[in-house]
Amino acid sequence: MFQQPYDRYTAQDQRVWKVLFDRQTAVLHKRAASAFVEGLARIGLNRHAIPVFSEVSQRLRCATGWELKAVPGRVEDATFFALLAERKFPTTMWLRSMEQFDFVKEPDLFHDVFGHVPLLMDATFANFLHLLGRTALQHLHDAEALRRLRAFYGFTVQFGLVMEDGKPRIYGAGLLSSSLETHHCVHEDTPRQPFDLAMVLDTAYTEERLQEQYFVLNSWEQLTEAVAELAALLANVHVNAWELKAAC
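Numbering-wise (our numbering), the sequence shown opens with residue 0 and increments by one.
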């Protein structure tokens, strides 16, 4: 059981949070999805101090039944998806340095809290992520299924966009928490494709560099439809593989 070491955050850490918060809220003006904007206001995050996980969890539990689970860094797939299935979001405790402002390969506190938490205040998104976790638990020993689940998670939760008022708006945490990735995503030369599950699952996904393309939902409700479609697809593949093995 890890606890957020709040008393270890230095004055420099607090300054990093403040500058990141100010910059990202400015960059995301009229670019972020309405669910993020509303969630950011409701969850009570602000520029003045690094959030206290226990206080954030209390607000989340009241709104959607979620809470934060402090972790030292990236966790393995089985642990990660199991936590999502329990409505617990694994939240990194370390914060990037000034030299890492624009882009980090590993999730840090700003990415996890500023990027992910506001959307957990939205009932549709919160239920979607819970269903994704429950779906993943059924396929943890299937390498191909896990690859598909990572791609799906990556191109939705991490780097997804959604159409609102005729324009693509950002809801992916990797975009919301990175100025460099945000500017890259909205550049006119960067491909942004309509969300198609088959295409998403067939697209290589990595967090080691900026994404080569992004996928845009036609509506917020498509998230729920997409994860249900993914669950059915993975279940069908699993059944077919079992039947083939039995026949042999």
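Even glycine gets a Cβ: it sits at the ideal position worked out from N, Cα and C.
What residue does the beta strand (DSSP E) around residue i start on, and which one ends it?
{"i": "Glu66", "result": "Glu66 to Val70"}
{"i": "Gln192", "result": "Arg191 to Pro193"}
{"i": "Val215", "result": "Tyr213 to Leu216"}
{"i": "Phe88", "result": "Lys87 to Thr91"}
Helix or strand or just coil, what does DSSP make of residue i?
{"i": "Ala103", "result": "It is worth fixing the name first, because residue 103 is Val in this sequence and not Ala. Note: Val103 maps to coil in three-state DSSP."}
{"i": "Glu163", "result": "strand"}
{"i": "Ile169", "result": "strand"}
{"i": "Ala31", "result": "strand"}
{"i": "Thr267", "result": "Outside the modelled stretch of the chain, which goes from 0 to 247, sits residue 267, for which no answer is possible."}
{"i": "Met97", "result": "helix"}
{"i": "Ala246", "result": "With a pLDDT of only 48 at Ala246, under 50, the local geometry of the prediction cannot be trusted, and the value read off the model is given with reservation. Looking at Ala246 - three-state DSSP - the assignment turns out to be helix."}
{"i": "Gly114", "result": "helix"}
{"i": "Thr205", "result": "coil"}
{"i": "Val51", "result": "coil"}
With residue i as the anchor, note down where its alpha helix (DSSP H) starts and where it stops.
{"i": "Glu143", "result": "Ala142 to Tyr152"}
{"i": "Arg133", "result": "Ala122 to Leu136"}
{"i": "Arg14", "result": "Ala10 to Val26"}
{"i": "Ser178", "result": "Ser178 to Val185"}
Flag this pair as yes or no: are the beta carbons of residue i and residue j separated by less than 8 Å?
{"i": "Leu160", "j": "Tyr170", "result": "yes"}
{"i": "Arg86", "j": "Phe109", "result": "no"}
{"i": "Phe79", "j": "Gln3", "result": "no"}
{"i": "Gln23", "j": "Phe113", "result": "yes"}
{"i": "Leu27", "j": "Thr181", "result": "yes"}
{"i": "Glu207", "j": "Lys104", "result": "yes"}
By Cβ distance, which residues of its chain are closer than 7 Å to residue i, with the 5 residues on each side in sequence left out?
{"i": "Gly43", "result": "Arg58"}
{"i": "Glu163", "result": "Ala32 and Ser33"}
{"i": "Met97", "result": "Val15"}
{"i": "Pro89", "result": "Lys68, Val70, Val74, Phe79 and Leu82"}
{"i": "Phe151", "result": "Val199, Leu200 and Leu229"}
Can you give me the Cβ contacts of residue i inside the same chain, cut-off strictly under 6 Å, excluding the 5 residues immediately before and after it?
{"i": "Leu139", "result": "Ala77"}
{"i": "Lys17", "result": "Arg46"}
Given 8 Å, three or more beta-carbon pairs between the stretch 109-122 and the stretch 63-75: yes
Segment contact flag, the stretch 181-195 with the stretch 122-132, C-beta cutoff 8 Å, min 3 pairs: With the cut-off at 8 Å, the stretch 181-195 and the stretch 122-132 do not touch.
Segment contact flag, the stretch 208-219 with the stretch 130-148, C-beta cutoff 8 Å, min 3 pairs: Taking 8 Å as the limit for Cβ pairs, the verdict is that the stretch 130-148 does not touch the stretch 208-219.
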